[in-house]
Amino acid sequence: MSRKLYIKTMGCQMNEYDSARMLDLLKDSDGATLVGEACEADLLLLNTCSIREKAEQTVRKRLEFYNSIKRDKNPGMLVGVLGCMAERLKETFLEEEKLVDLVVGPDSYRDLPNLIAQVEDGRKAVNVFLSLEETYADISPVRLSGNGVTAFVSITRGCDNMCTFCVVPYTRGRERSRSPESILKECQDLFTNGYREITLLGQNVDSYLWYGGGAKKDFKKASDKAKENSLNFSGLLDKVAQINPKLRIRFSTSNPQDMGIDVIEIMTKHNNICNHIHLPVQSGSSKILKLMNRGYDRDQYLQLINDIKH
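So the sequence shown is numbered by the numbering used here: it starts at -15 and just counts up by one.
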């Protein structure tokens, strides 16, 4: 008998993409089928965000609601908390939220079938191990929602910037990139299946760097051959744009310290790359930007804007 699965996703596009990957994993290993209402589920997974305190408060409120469903209507339902909030709180989540049966970090989704089996054996299950290599490149996400025309494609995971205000390096780990072959295959498959616009995703999408695998921080230790054959974001963007001129391409999120003139030149080269850059404005003060550890100052940001315009 197939398991009835309900997934609630909160937070960013990366979480939406990860939820689609979870469904693909559980369909293959557990015969899971997606249901539309939480009360119908045997397994309820809450994919969480931890970027702000309000996001975590929203998760706790949502868990209170699911607790009422489990208590009053569906006592056999298993509940898992996944994603960034799970990574931040780890085992504490099991103690604070008695409802929760399993806690799974963003790099541990492959272990979901084993963790579910542990819970069914009467044990609480936790895996919040952060990897320097996991990108889920071989897992094709099941598109959970959307219009069949636009789709997200993850190209990196994690972040190395260590901004003073941000939890991402601690909840999603160090930055690493997917192989270009897996990205191009996913984009080609999407186009073949009728999708006509894709958005390449990453915490710092412009800092994509493929040199054979591993964390970006270890690139300096790579062999000369690996460095020579490496591919940066502008090179990847060029390859994706050549899949088909009818495939529109966007990318998000760009960080000013990672975006170079080479990316702008590739955008100019291909008409199917949208004239749109998602570029955050954190502060107009160089002093504050330094305190935030953003890696650029006001003048550098304005120069980048000028380069984009021209």
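We put the CB at the ideal spot given by N, CA and C, even for glycine. Quick caveat: nothing in here was measured; it's all calculated off a predicted structure.
Extent of the continuous alpha helix (DSSP H) run through E104: Its alpha helix (DSSP H) spans residues L96 to E104.
Backbone CA spacing between S92 and H294 [nearest angstrom]: Near 44 Å, if we compare the C-alpha coordinates of H294 and S92.
For the alpha helix (DSSP H) that contains L275, what are its first and last residues? Per DSSP, L275 belongs to the alpha helix (DSSP H) from S270 to L275.
To the nearest angstrom, how far is the alpha carbon of Q(-3) from that of N188? Distance between the alpha carbons of Q(-3) and N188: 13 Å.
DSSP three-state assignment for N216, whether helix, strand or coil: N216: strand per DSSP, three-state reduction.
Ranges of the beta strand (DSSP E) found wholly within the segment 162 to 205, counting only runs of at least 3: For the segment 162 to 205, whole beta strand (DSSP E) runs of length 3 or above, ordered along the chain, are 181 to 185.
Quick check on the DSSP output: what are the complete alpha helix (DSSP H) runs of length 4 or more inside the segment 52 to 125, in order along the chain? Runs of the alpha helix (DSSP H) lying entirely within the segment 52 to 125 and spanning at least 4 residues, in chain order: 68 to 73, 76 to 80 and 96 to 104.
Check I289 in the structure and name its three-state DSSP category. Three-state result, I289: helix.
With 16 as the cutoff for other CB atoms within 10 Å, does G20 come out buried or exposed? G20 should be labelled exposed.
With distances taken from CA atoms, which of V103, L18 and T148 is nearest G60? Residue V103 is the option with its Cα nearest to G60.
In terms of residues, what are the limits of the alpha helix (DSSP H) holding L10? Element bounds for L10: Q(-3) to D14.
Residues near S238 by beta carbon distance below 7 Å, same chain, minus five either side: V189, D190, I261, H262 and L263, listed in sequence order.
Determine, using beta carbons only, whether E24 and Y(-10) come nearer to each other than 8 Å. In terms of Cβ geometry, E24 and Y(-10) form a close pair [threshold 8 Å].
Give a yes or no on contact between the segment 147 to 154 and the segment 57 to 72, applying the rule of three or more CB pairs nearer than 8 Å. Cβ pair count under 8 Å is three or more, so yes.
For A39, collect the residues of the same chain with a Cβ closer than 8 Å to its Cβ; drop the 5 residues on either side in sequence, then sort them by chain order. Taken in chain order, the residues that qualify are M(-6), G(-5), T32, C33 and M69.
Under 8 Å between C-beta atoms of R156 and L116: Here R156 is not near L116, since their CB atoms are 8 Å or more apart.
Should the segment 195 to 214 be regarded as contacting the segment 226 to 244, the criterion being three or more beta carbon pairs within less than 8 Å? No: the two stretches stay apart, fewer than three of their Cβ pairs being nearer than 8 Å.
Do Q266 and R282 come within 8 Å of each other at the CB atom, strictly closer than that value? Going by C-beta atoms, R282 is not nearer than 8 Å to Q266.
Check whether the Cβ atoms of V360 and E170 lie closer than 8 Å to each other. Residue numbering for the chain in the displayed model covers -15 to 294; residue 360 lies beyond these limits and cannot be assessed.
What first and last residue would you give for the alpha helix (DSSP H) that runs through I139? Per DSSP, I139 belongs to no alpha helix (DSSP H) and is neither H nor E.
If you draw a straight line from the alpha carbon of R107 to that of V87, how long is it in whole angstroms? Rounded to whole angstroms, R107 to V87 spans 12 Å at the Cα level.
With a CB to CB cut of under 7 Å and the five nearest residues on each side skipped, what residues in its chain are close to L185? Spatial neighbours of L185 in its own chain (CB-CB distance under 7 Å, excluding positions within 5 residues in sequence) are listed in chain order as Q(-3), M(-2), Y1, F136, V137, S138, I139 and S236.
In chain order, what residues of the same chain lie with their CB nearer than 7 Å to the CB of Y50, ignoring the 5 residues before and after it? Answer for Y50: A22, L28, V63 and L83, listed in chain order.
Provide the residue(s) that pair with T(-7) in DSSP beta bridges, ordered along the chain. BP columns for T(-7) point to N31.
For R156, the three-state DSSP class (helix, strand or coil): Coil, per DSSP.
What are the boundary residues of the beta strand (DSSP E) that includes I233? Unbroken beta strand (DSSP E) run through I233: R232 to S236.
Please return the same chain residues whose Cβ sits closer than 6 Å to the Cβ of A199, not counting the five positions on each side in sequence. The residues are L116, R158 and R160.
Between which two residues does the alpha helix (DSSP H) containing E21 stretch? From DSSP, E21 is part of no alpha helix (DSSP H); its letter is neither H nor E.
If you compare alpha carbons, which of R36, K274 and L66 is closest to P90? L66 is the residue among R36, K274 and L66 whose C-alpha sits nearest the C-alpha of P90.
If you compare alpha carbons, which of K209, Y192 and V133 is closest to F296? Not covered by the structure: residue 296. The range shown for the chain is -15 to 294.
Through-space distance from N177 to Y120, alpha-carbon basis: Rounded to the nearest angstrom, the two C-alpha atoms are 21 Å apart.
When burial is assigned at 16 or more other CB atoms within 10 Å of the CB, is F113 buried or exposed? By the neighbour-count rule (16 or more Cβ atoms within 10 Å), F113 is not buried but exposed.
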